Amino acid sequence: MQVPIQVPPLEGPTEKKGFFINGPIVAIAEVILVFVALGSIFSVALTRLSSGSVEGGSVSATPIAIGLMIGFVLLLFVLLILRGFRLLRSDQALVLSSRGRYLGTIRGGGLIWTNPFVSRRKVALHTHRSTVQHPFAGMHSATADVSWKVTDTSKAINVAHYDQSVKQAIEDSLGEVGAHGTPEQFSTALAQHLGEIGVTSTKVEVRSGRIAL
């Protein structure tokens, strides 16, 4: 039987836009920093070589130390910036969080750069399908085929594995409505459980039968 899907409004925090910068812009700045860092280090090396080629020549150690320090600090900064790059497909979202607190979501494909000090998790946004068979007394069972997709990524920080969580939601919904539950009861229970993890059902089919051995 075909179950009509009526999803109630989701409770809790809703998705919001996360901080990011277009990746190509940051990449250009990164290349400039690399050239500046290498230029600072090479200039110090050339200064040492030129001073050594002049008999009795001497160069103060302070400018050399400062030049080297600037060069190496810039290189470390470049490495740090590299950690902020992520490549996203159009059917992916990047969820940002810090110590279990949701910070925002980045949607859209392409190269992006975001804060390298926060946790980042990619979430697939395309439609998935899960099938669950729930046994009842008397060797009877109900099998649910559910097509679903993630719609509220703000709840992703509480979901370890979406496939397992969705199957558990389907299992719980089938168990709650029982063997003689109506399609409307199953739809309501399923929408509630899926809404708790930020997922929406797009198509549901439930079949009654005997337990598959």
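Once you know that position 135 of the sequence shown is 135 in my numbering, the rest is easy, because the numbers rise by one and skip nothing.
From the three backbone atoms N, C-alpha and C, an ideal C-beta is built for every residue, glycine too.
Owing to the predicted nature of the structure, the values given are computational and were not obtained by experimental measurement.
Three-state secondary structure assigned by DSSP to residue i
i    : result
V34  : helix
T47  : helix
P135 : strand
V199 : strand
V206 : strand
G110 : strand
G56  : Residue placement at G56 cannot be trusted, given a pLDDT of 48 that sits under 50; what the coordinates show is reported in the next sentence. Three-state result, G56: coil.
N22  : strand
K155 : helix
M69  : helix
Range covered by the alpha helix (DSSP H) that runs through residue i
i    : result
T188 : 183-195
Delimiting residues of the beta strand (DSSP E) encompassing residue i
i    : result
A122 : Reading off the sequence, residue 122 comes out as Lys, not Ala. First-last of the beta strand (DSSP E) with K122: 119-124.
A169 : Looking at the DSSP string, A169 is not in any beta strand (DSSP E); the run it does join, the alpha helix (DSSP H), is 162-177.
K217 : Summary: the structure shown does not reach residue 217, with the chain confined to residues 1 through 213, and so no result is reported for it.
S97  : 92-98
G104 : 101-107
R86  : 85-88
Cα-Cα separation, residue i to residue j
i    : j    : result
E89  : L103 : For the sequence presented, residue 89 should be read as Arg rather than Glu. Approximately 21 Å, taken between the alpha carbons.
A156 : A45  : 51 Å
V118 : F35  : 28 Å
W113 : V132 : 39 Å
P266 : V123 : Residue 266 lies beyond the range of the chain shown here (1 to 213); nothing can be said about it.
L74  : L33  : 7 Å
W148 : S97  : 24 Å
A191 : T151 : 12 Å
F85  : G109 : 13 Å
M139 : G18  : 50 Å
N22  : I106 : 11 Å
I170 : A144 : 7 Å
F42  : H128 : 54 Å
L68  : S40  : 7 Å
Contact belief for residue i with residue j at Cβ below 8 Å, rounded distance in angstroms
i    : j    : result
L125 : Q164 : The pair is not a contact, with the Cβ atoms about 18 Å apart (cut-off 8 Å).
H193 : S173 : 6 Å
S154 : T14  : 6 Å
V206 : A142 : 6 Å
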